[in-house]
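Under our numbering, think of the first position of the sequence shown as 267, with each following residue one higher.
Every residue, glycine too, gets a C-beta built ideally from N, C-alpha and C.
What follows is a set of notes on a single structure, which appears directly below.
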Amino acid sequence: MNLDRFSLKGKVAVVTGANTGLGQGVAIAMAEAGADIVGVGRSDMSETEAAVKAQGVRFLPVLADLLSIEPIDRILKEALDAFGKIDILVNNAGIIRREDAIDYSVEDWDDILNTNLRTLFFLSQAAAKQFRKQNTPGKIINIASMLSYQGGIRVPAYTASKSGVLGLTRALANEWAKFGINVNGIAPGYMVTNNTKALRDDPQRSAAILDRIPAGKWGEPADIGGAAVFLASAAADYVHGFTLAVDGGWLAR
Ligand code: NAP
Numbered sequence: 267m268n269l270d271r272f273s274l275k276g277k278v279a280v281v282t283g284a285n286t287g288l289g290q291g292v293a294i295a296m297a298e299a300g301a302d303i304v305g306v307g308r309s310d311m312s313e314t315e316a317a318v319k320a321q322g323v324r325f326l327p328v329l330a331d332l333l334s335i336e337p338i339d340r341i342l343k344e345a346l347d348a349f350g351k352i353d354i355l356v357n358n359a360g361i362i363r364r365e366d367a368i369d370y371s372v373e374d375w376d377d378i379l380n381t382n383l384r385t386l387f388f389l390s391q392a393a394a395k396q397f398r399k400q401n402t403p404g405k406i407i408n409i410a411s412m413l414s415y416q417g418g419i420r421v422p423a424y425t426a427s428k429s430g431v432l433g434l435t436r437a438l439a440n441e442w443a444k445f446g447i448n449v450n451g452i453a454p455g456y457m458v459t460n461n462t463k464a465l466r467d468d469p470q471r472s473a474a475i476l477d478r479i480p481a482g483k484w485g486e487p488a489d490i491g492g493a494a495v496f497l498a499s500a501a502a503d504y505v506h507g508f509t510l511a512v513d514g515g516w517l518a519r
């Protein structure tokens, strides 16, 4: 097979939550594969910017708070002003808050659903409209979770949002595959990022999780890079609506 089909050379990838964790891992992997990167987030992205530029591609930071959908038009405008087009959207930004379901607050519920699902949908919609306007194919990759498949413990809003991400990935693929837009997901297992700090700081939970991972180790941000590059590339042109687990075998247990 011609490995050029896995290349992202000349593509422009918008990655949300690109300053740290999995978003940073995806941005760097896509840069290694040749894509220019638009990093979208609310925190300083200079670390990611340096790592991306070290690959000889361009990086545009767009500061935006994705708790609301208000910045979406500006995100697209800044990306288009800089690069003239977009080819790939990675909906990675997400939050988690832990509390017993019986005590879960409306504020936490709304913040999580707004960030993890509402913004993800409307940013996807904006990207899809742009792909159609450009008359180009497009790739949308949604970051799901093990809690797209399982109930989880003390994270009801997160589970609801990530189960929603899995369903929405299928729903959007159904409608947009005919436009040459691939909508797929990646379901990371237990990865070493800020998202899982509380779990890793709890010796009992941490040991129980590790014991259940067939690979015998937590994942690192770089571990989802290969799946992200594949799903963003021409090699995945006929892959629609599927969420690929990168989980050290967790779901196989
Ligand atoms: P992380 O280090 O906490 O990263 C989350 C990213 O989302 C950060 O860049 C964060 O920015 C950004 N973000 C959150 N709220 C935002 C907002 N209102 N506006 C703009 N950006 C915002 O954790 P991570 O593990 O890399 O998480 C990335 C994605 O993977 C999330 O969707 C998460 O649910 C998912 N995931 C993670 C795991 C895991 O084991 N780590 C497993 C399954 C799925 P700040 O740095 O400014 O907060």
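Original post:
Can L383 be considered in contact with ligand 1, in the sense that its beta carbon sits closer than 8 Å to one or more heavy atoms?
Top reply: no
Original post:
Looking only at C-alpha atoms, which of E365, A502, G350 and S429 sits nearest to Q399?
Top reply: Here residue 399 turns out to be Lys, not Gln, going by the sequence shown. For K399, the nearest C-alpha among the options comes from G350.
Original post:
Buried or exposed: where does K483 fall if 16 or more other Cβ atoms within 10 Å of its Cβ makes it buried?
Top reply: exposed
**OP:** Let me know the secondary structure DSSP gives D366 once reduced to three states.
**Re:** coil
Original post:
How far does the alpha helix (DSSP H) with T435 in it reach, from first residue to last?
Top reply: P422 to W442
**OP:** With a threshold of 16 other CB atoms inside 10 Å of the CB of V372, please say whether the residue is buried or exposed.
**Re:** exposed
Subject >> For L274, three-class secondary structure by DSSP >> reply: coil
Original post:
Should S334 go down as buried or exposed, given a rule of 16 or more other Cβ atoms within 10 Å for buried?
Top reply: exposed
Original post:
Are the region 312-323 and the region 414-433 touching, with three or more C-beta to C-beta distances below 8 Å?
Top reply: no
**OP:** Grab me the residues of S427's own chain with a C-beta within less than 6 Å of its C-beta, minus the 5 sequence neighbours each way, in chain order.
**Re:** I378, L379, N382 and L383
Original post:
Between the region 300-319 and the region 471-489, are three or more C-beta pairs nearer than 8 Å?
Top reply: no
Original post:
How would you write the range of the alpha helix (DSSP H) that D377 sits in, first residue to last?
Top reply: V372 to L379
**OP:** Measure the CB-CB distance between T462 and P487 and report whether it falls below 9 Å.
**Re:** no
Subject >> Any beta strand (DSSP E) of 3 or more consecutive residues that is wholly inside the region 379-420 >> reply: 404-409
**OP:** With DSSP as the reference, please indicate the residues paired to I479 in a beta bridge.
**Re:** I479 pairs with nothing; no bridge assigned.
**OP:** Tell me where the beta strand (DSSP E) around V304 begins and ends.
**Re:** D302 to G307
**OP:** Using only the heavy atoms of ligand 1, determine whether one of them is closer than 8 Å to the beta carbon of S499.
**Re:** no
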